[in-house]
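K.L.:
Top line first, the protein sequences correspond to chains A and B.
Take 114 as the starting number for the first sequence in the numbering used here and just add one per residue.
Take 114 as the starting number for the second sequence in the numbering used here and just add one per residue.
Before I ask anything, let me first share the structure, which is written out below as structure tokens.
Protein chains: 2
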Amino acid sequence: MASLFHPRNNFALPFSILLLLLPIFVPATTSAAKARHFKWEVEYMFWSPDCVEGVVMGINGQFPGPTIRAKAGDTIVVELHNKLHTEGVVIHWHGIRQLGTPWADGTASISQCAINPGDHFVYRFKVDKPGTYFYHGHLGMQRSAGLYGSLIVDVADGQKEPFSYDGEFNLLLSDWWHQGVHEQEVGLSSSPMRWIGEPQSLLMNGRGQYNCSLAAQFGNLSSCKFTGREQCAPKILRVEPNKTYRLRIASSTSLASLNLAIKNHKMTVVEADGNYVQPFSVSDMDIYSGDSYSVLFTTDQDPTMNYYVSARVRGRLPDTPQALTILNYKPNAASKRPSLPPPLAPAWNDYAHSKAFTSSIFARPGSPAPPRNFHRRIVLLNTQNRMNGLTKWAINNVSLTLPATPYLGSIKYKLWHAFEDRPEEDYDREAYDVTKPPVNPNTTAGSGVYNLRLGTTVDVILQNANTLTANVSEIHPWHLHGHDFWVLGYGEGKFREKEHEKGLNLENPPLRNTAVIFPYGWTALRFVADNPGVWAFHCHIEPHLHMGMGVVFAEGVHRVRDIPKSALACGMTARMFMSRDNSNTTVRG
Amino acid sequence: MASLFHPRNNFALPFSILLLLLPIFVPATTSAAKARHFKWEVEYMFWSPDCVEGVVMGINGQFPGPTIRAKAGDTIVVELHNKLHTEGVVIHWHGIRQLGTPWADGTASISQCAINPGDHFVYRFKVDKPGTYFYHGHLGMQRSAGLYGSLIVDVADGQKEPFSYDGEFNLLLSDWWHQGVHEQEVGLSSSPMRWIGEPQSLLMNGRGQYNCSLAAQFGNLSSCKFTGREQCAPKILRVEPNKTYRLRIASSTSLASLNLAIKNHKMTVVEADGNYVQPFSVSDMDIYSGDSYSVLFTTDQDPTMNYYVSARVRGRLPDTPQALTILNYKPNAASKRPSLPPPLAPAWNDYAHSKAFTSSIFARPGSPAPPRNFHRRIVLLNTQNRMNGLTKWAINNVSLTLPATPYLGSIKYKLWHAFEDRPEEDYDREAYDVTKPPVNPNTTAGSGVYNLRLGTTVDVILQNANTLTANVSEIHPWHLHGHDFWVLGYGEGKFREKEHEKGLNLENPPLRNTAVIFPYGWTALRFVADNPGVWAFHCHIEPHLHMGMGVVFAEGVHRVRDIPKSALACGMTARMFMSRDNSNTTVRG
Numbered sequence: 114m115a116s117l118f119h120p121r122n123n124f125a126l127p128f129s130i131l132l133l134l135l136p137i138f139v140p141a142t143t144s145a146a147k148a149r150h151f152k153w154e155v156e157y158m159f160w161s162p163d164c165v166e167g168v169v170m171g172i173n174g175q176f177p178g179p180t181i182r183a184k185a186g187d188t189i190v191v192e193l194h195n196k197l198h199t200e201g202v203v204i205h206w207h208g209i210r211q212l213g214t215p216w217a218d219g220t221a222s223i224s225q226c227a228i229n230p231g232d233h234f235v236y237r238f239k240v241d242k243p244g245t246y247f248y249h250g251h252l253g254m255q256r257s258a259g260l261y262g263s264l265i266v267d268v269a270d271g272q273k274e275p276f277s278y279d280g281e282f283n284l285l286l287s288d289w290w291h292q293g294v295h296e297q298e299v300g301l302s303s304s305p306m307r308w309i310g311e312p313q314s315l316l317m318n319g320r321g322q323y324n325c326s327l328a329a330q331f332g333n334l335s336s337c338k339f340t341g342r343e344q345c346a347p348k349i350l351r352v353e354p355n356k357t358y359r360l361r362i363a364s365s366t367s368l369a370s371l372n373l374a375i376k377n378h379k380m381t382v383v384e385a386d387g388n389y390v391q392p393f394s395v396s397d398m399d400i401y402s403g404d405s406y407s408v409l410f411t412t413d414q415d416p417t418m419n420y421y422v423s424a425r426v427r428g429r430l431p432d433t434p435q436a437l438t439i440l441n442y443k444p445n446a447a448s449k450r451p452s453l454p455p456p457l458a459p460a461w462n463d464y465a466h467s468k469a470f471t472s473s474i475f476a477r478p479g480s481p482a483p484p485r486n487f488h489r490r491i492v493l494l495n496t497q498n499r500m501n502g503l504t505k506w507a508i509n510n511v512s513l514t515l516p517a518t519p520y521l522g523s524i525k526y527k528l529w530h531a532f533e534d535r536p537e538e539d540y541d542r543e544a545y546d547v548t549k550p551p552v553n554p555n556t557t558a559g560s561g562v563y564n565l566r567l568g569t570t571v572d573v574i575l576q577n578a579n580t581l582t583a584n585v586s587e588i589h590p591w592h593l594h595g596h597d598f599w600v601l602g603y604g605e606g607k608f609r610e611k612e613h614e615k616g617l618n619l620e621n622p623p624l625r626n627t628a629v630i631f632p633y634g635w636t637a638l639r640f641v642a643d644n645p646g647v648w649a650f651h652c653h654i655e656p657h658l659h660m661g662m663g664v665v666f667a668e669g670v671h672r673v674r675d676i677p678k679s680a681l682a683c684g685m686t687a688r689m690f691m692s693r694d695n696s697n698t699t700v701r702g
Numbered sequence: 114m115a116s117l118f119h120p121r122n123n124f125a126l127p128f129s130i131l132l133l134l135l136p137i138f139v140p141a142t143t144s145a146a147k148a149r150h151f152k153w154e155v156e157y158m159f160w161s162p163d164c165v166e167g168v169v170m171g172i173n174g175q176f177p178g179p180t181i182r183a184k185a186g187d188t189i190v191v192e193l194h195n196k197l198h199t200e201g202v203v204i205h206w207h208g209i210r211q212l213g214t215p216w217a218d219g220t221a222s223i224s225q226c227a228i229n230p231g232d233h234f235v236y237r238f239k240v241d242k243p244g245t246y247f248y249h250g251h252l253g254m255q256r257s258a259g260l261y262g263s264l265i266v267d268v269a270d271g272q273k274e275p276f277s278y279d280g281e282f283n284l285l286l287s288d289w290w291h292q293g294v295h296e297q298e299v300g301l302s303s304s305p306m307r308w309i310g311e312p313q314s315l316l317m318n319g320r321g322q323y324n325c326s327l328a329a330q331f332g333n334l335s336s337c338k339f340t341g342r343e344q345c346a347p348k349i350l351r352v353e354p355n356k357t358y359r360l361r362i363a364s365s366t367s368l369a370s371l372n373l374a375i376k377n378h379k380m381t382v383v384e385a386d387g388n389y390v391q392p393f394s395v396s397d398m399d400i401y402s403g404d405s406y407s408v409l410f411t412t413d414q415d416p417t418m419n420y421y422v423s424a425r426v427r428g429r430l431p432d433t434p435q436a437l438t439i440l441n442y443k444p445n446a447a448s449k450r451p452s453l454p455p456p457l458a459p460a461w462n463d464y465a466h467s468k469a470f471t472s473s474i475f476a477r478p479g480s481p482a483p484p485r486n487f488h489r490r491i492v493l494l495n496t497q498n499r500m501n502g503l504t505k506w507a508i509n510n511v512s513l514t515l516p517a518t519p520y521l522g523s524i525k526y527k528l529w530h531a532f533e534d535r536p537e538e539d540y541d542r543e544a545y546d547v548t549k550p551p552v553n554p555n556t557t558a559g560s561g562v563y564n565l566r567l568g569t570t571v572d573v574i575l576q577n578a579n580t581l582t583a584n585v586s587e588i589h590p591w592h593l594h595g596h597d598f599w600v601l602g603y604g605e606g607k608f609r610e611k612e613h614e615k616g617l618n619l620e621n622p623p624l625r626n627t628a629v630i631f632p633y634g635w636t637a638l639r640f641v642a643d644n645p646g647v648w649a650f651h652c653h654i655e656p657h658l659h660m661g662m663g664v665v666f667a668e669g670v671h672r673v674r675d676i677p678k679s680a681l682a683c684g685m686t687a688r689m690f691m692s693r694d695n696s697n698t699t700v701r702g
């Protein structure tokens, strides 16, 4: 089977967008970067994200958390207060590379100790690159509990985007369960495992409709009635005719891969994961958990009508109604029902459609190109396995179990007992049949780390395989912390150097922080290990990570200076620092 | 109104018990105290405590946690591993005074930092006194989540109890909700407050029956069918005729005060909270959360029958079916239904009955007597209040909010900013009307501490009052850590020295660690502040403590040596120790 990385664009651009994409030359100006301060309190609260009340993890009484809006070059300072009663908390700034501030990456057990109940931690980091980002919890399944929000970085003062628009909207997509996250976690860790099932609702900006539909006239759900003040009232996109809008989209879903469309409106993709891409036009687009995009669309349709904006589940037999909101042409009332049904999504398992979208994404000319050669290639086999009656996901037969001491501290201070041996560089590519359930389904748990030599170019081949169930292989969106990577290509079946090496795209591969592997396929990534720190690389499906689907990269940790000690006040690093004290207090291991 | 402390015993003892209570003189022998080691893992698991499945916090896969059985003088060593994903954990050893080991008291924010997920802590403490104890979580509402178990200390080798018996049973009583504890917590912290309501079930040794009754023939619930292997199958008490048994009873309820009875069998109370009491006979007994007792009973009834053992809710209009198990005379089948109905409980609000029981408890002759005089008397007014829309319980108008840094560390290391100013010593006894809702319902939150001078005798007067609702005053069982106290007396209305001082019982007051205040009443306690450490004193009703109903006593903390630093690896103590380190790592506050 052919791989899908051919660098061509199958999609025609509408003329109105083409005009907007003309290069814009901006004179360099001095821009004064700012520090933007936020004081946040995290706590649980009752909320009705989909009109059914449950408990969400909110920030300052809001769900989703407050949107951070900054300009490239700014420093974000978030003083995060943990107001939970028994749980730690951290926040990961998804897509921000944390250049020089690896302790601010917000990954419990990796970049820092979880913030204790009643305590606080100050995240201070620079947002160096304009783009559409988001943030979310990164301890246990706190993202699934609703701990997320948007982070939008505009170009610096005096700079311009390489496209223009008249207005913009932001849609943060997520999925929602009525079962509490703690119970979901217990189920995933039980023997036999109890799967969380499909979400009850899809949310747009934290708003969904469980028992009714905005498009009731086209389906068999009852009609939603909103005053607009309900927590689950949809966020209406109010537009004027004949304008161009930027729609920022990010997916913080726990599980669902989504397909988004605006009825009768083409979208031009211009940004992916905070990187400009070669613009291309689509009628619908796939968005995997961890992805972010900007698209432009022009309100060139009949302005007397309103139109549905829809998000549907992809890649899993959908049991969840589509999320809907309204593209509301002024001066129509927002409540005016669209005359046309919501956009039709491609069949959930139409992977050819998904692959066509994914393989249409290329770097915008002028983007950094990848090094031509790699120093090291790590092949990561993704398998579903069993361990002592539990169901696990494993990478090269190791299911990631995070240690009590954050790697950033244990590696910096050479506490080698804080984690386990280094994992395997590859799997048995000759013997392993990726099209069948594993012959030996047993895996082991481990907390080993891939040590990357600072400054080297690393290739990662993500190799998908069959799950424990015959004829099933799932989609996994892999997200890398601390870096963008170039997506060199996607392919079917087993990756083989001889066959596939030459086809990798070294010309204009897109820079991303998240890339999907398709069922039974492989994905080839390249990045430069140039950011001293310790970085998670994992499937962004929350229960999959919880079940061990991730690895950890460490690079140049000896070069990391000035780690705030409050980031290391737990586990073996705490014991080490405290044992250096010679007051009359003892340390026990 | 007269107070109820008159030192006389209204209850006649059955002859069979009297014989057993003859003093027993035991020659002193050398007994080899042992260290008993346990390795425990705390994790959530699915369980059906009352035949309805929910999530419980278990230890080593068991609910309730394993019973610790030791001998007086032994050292208990529990290596506690936190296998929760996001929550800290601690375990308090209820009734163990922790003489010389205040860091092992297992109170988060008071005696230690919560143990982080993935980490562990070693509790090492001596059980110096035989008795019936239990252990439970002391962070958030983890006790309500099921984190509890029994701790039974036998007399040392060569020693004998001052009574004898042919066999023994242990009943650990608790209450159970179908709503998860996290959601309960969110409700209690919401504005307006959402009360947890009455428990769905009462449990005996973690076993209850929600939708059926062992006494179905006497009520309108359906009949329970058990093979005996179900998680909710009752623990049958199998007895032989004409023997005497010791029944150990402890209550770890979150909310419910209970009344326990064995149909047609009198019980002789011989121990309360790990202290021998003057034996007295009862047909039923009240057990408040935090209490423990031993009673003796003789199987002197018709041996061809089985009998019900029942526990019912006291002091709140009961909405919860009684807990039942069977006193099963051998060789009857356990499944043989008792011919007599379960014991009738007194009316839930028959406080006279409750007071008669409570005021029948006196120290066994030879028990330590209280000092005749006190150095300091602290009067604690118990009120229900409001704060920023929240409902709180407050003591002298301060609702306890625990700090991020354990007091044991912050006081030891003089980190005075770690908590707030000292609270009030008394309330405005002239002006405050305890029979009415508070005139000013507003309270403040605080983390202040009562500093007790080491070695002094401290009196505490617990003063009950009306709640926010007219004509309502509730029962509160107050539990003191680190000490036993003498219960000098109970009274009605407002405590007034002139009127009540002389009536306090200094002759044979019982030593307890838990004492109740009755609605609109007061309770007078005395203890010697002779145990260096920081000690919680609080209402043992879990949601009440969660809503601030407690105070903190600190005594002789300068004398505490050798605090394990792992007990202090959080908050300001962690920052202090880590800042003393001069490696290239910075500390941020």
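Quick reminder that beta carbons are idealized off the backbone N, C-alpha and C, glycines included.
A quick note: this is a predicted structure, and the numbers were derived from the prediction, not measured.
Can you name, in chain order, every residue of its own chain whose Cβ lies under 6 Å from the Cβ of S304(A), other than the five neighbours on each side?
P.N.:
If we look at S304(A) and ignore the five residues flanking it on each side, its Cβ neighbours are G502 and L503.
K.L.:
Using the C-alpha atoms, what's the distance from L360(B) back to V104(B)?
P.N.:
Outside the shown range of chain B (114 to 702) lies residue 104(B), about which nothing can therefore be said.
K.L.:
Just to confirm the assignment: which complete beta strand (DSSP E) runs, minimum length 3, are found wholly within the stretch 486 to 539 of chain B?
P.N.:
Within the stretch 486 to 539 of chain B, the complete beta strand (DSSP E) runs of at least 3 residues are 489 to 500, 503 to 508 and 511 to 513.
K.L.:
Would you say A115(A) lies against chain B (beta-carbon separation less than 8 Å)?
P.N.:
Per-residue confidence for A115(A) stands at a pLDDT of 38, beneath the threshold of 50, marking its modelled position as unreliable; no derived number is given.
K.L.:
Comparing the C-beta of Q255(A) with each C-beta of chain B, is any distance below 8 Å?
P.N.:
With 8 Å as the cut-off, Q255(A) counts as an interface residue toward chain B.
K.L.:
If the cut is a Cβ gap below 7 Å, which residues of chain A does H198(B) touch?
P.N.:
Within chain A, the residues near H198(B) are G253 and E298.
K.L.:
With distances taken from CA atoms, which of A363(A), E384(A) and D397(A) is nearest L373(A)?
P.N.:
With distances taken between Cα atoms, L373(A) lies closest to D397(A).
K.L.:
Would a C-beta distance cut-off of 8 Å place H596(B) and R210(B) closer than the cut-off?
P.N.:
A contact, by the Cβ cut-off of 8 Å.
K.L.:
DSSP three-state label for Y420(A), please.
P.N.:
Residue state, collapsed to three classes: strand.
K.L.:
With respect to the beta strand (DSSP E) encompassing E156(A), which residues constitute its N-terminal and C-terminal limits?
P.N.:
Segment A148 to W160, the beta strand (DSSP E) holding E156(A).
K.L.:
Determine the direct distance from the alpha carbon of S263(B) to that of I574(B), and round the result to whole angstroms.
P.N.:
When rounded, the distance between both Cα atoms is 30 Å.
K.L.:
When you compare only the Cα positions, how much space is there between F238(A) and A328(A)?
P.N.:
Computed Cα separation, rounded: 43 Å.
K.L.:
Just tell me which of W635(B), K449(B), A583(B) and P431(B) has its CA closest to the CA of A460(B).
P.N.:
Among W635(B), K449(B), A583(B) and P431(B), the Cα nearest to that of A460(B) belongs to P431(B).
K.L.:
At a Cβ threshold of 8 Å, is S512(A) touching chain B?
P.N.:
Output row for S512(A): interface = no.
K.L.:
Grouping DSSP H, G and I as helix and E and B as strand, with all else coil, what is S222(A)?
P.N.:
S222(A): coil per DSSP, three-state reduction.
K.L.:
Just verifying my parser: in three-state terms, what is the DSSP assignment at K184(B)?
P.N.:
If DSSP states are grouped into helix, strand and coil, K184(B) belongs with the strands.
K.L.:
Please go through the same chain and pick out, in chain order, the residues whose beta-carbon is closer than 6 Å to the beta-carbon of P590(A), but skip the five residues on each side of it.
P.N.:
Excluding positions up to five away in sequence, the list reads Y401, S402, G403, T627, V629 and H653.
K.L.:
Beta-carbon of M691(A) versus every beta-carbon of chain B: anything under 8 Å?
P.N.:
It does; some Cβ of chain B falls within 8 Å.
K.L.:
Can you tell me whether G479(B) is buried or exposed? The criterion is at least 16 other CB atoms within 10 Å of its CB, across all chains shown.
P.N.:
So G479(B) ends up on the exposed side.
K.L.:
Compare the C-beta of K379(A) with all C-beta atoms of chain B and state if any pair is closer than 8 Å.
P.N.:
Chain B contact via Cβ: absent.
K.L.:
Among the residues of its own chain, which have a CB less than 6 Å from the CB of S423(A), if the five just before and after it don't count?
P.N.:
So the qualifying residues of the chain are A374, Q435, L437, P455 and P456.
K.L.:
What residue from Y261(B), Y633(B), S407(B) and V562(B) has the CA that sits closest to V390(B)'s CA?
P.N.:
Selected option, being the one with the closest Cα: S407(B).
K.L.:
Are the beta-carbon atoms belonging to V299(A) and Y157(B) less than 8 Å from one another?
P.N.:
Their beta carbons are under 8 Å apart, which means V299(A) touches Y157(B) by this criterion.
K.L.:
Who are the neighbours of S303(B) on chain A, taking C-beta pairs under 8 Å?
P.N.:
Chain A residues near S303(B): M158 and F159.
K.L.:
So G201(A) contacts chain B; which residues on that side make the cut at Cβ distance below 8 Å?
P.N.:
The contacting residues are T199, E200, G201, N229 and P230.
K.L.:
Pairs of beta-carbons, one from the stretch 640 to 650 of chain A and one from the stretch 577 to 590 of chain A, closer than 8 Å: are there three or more?
P.N.:
Segments in contact, no.
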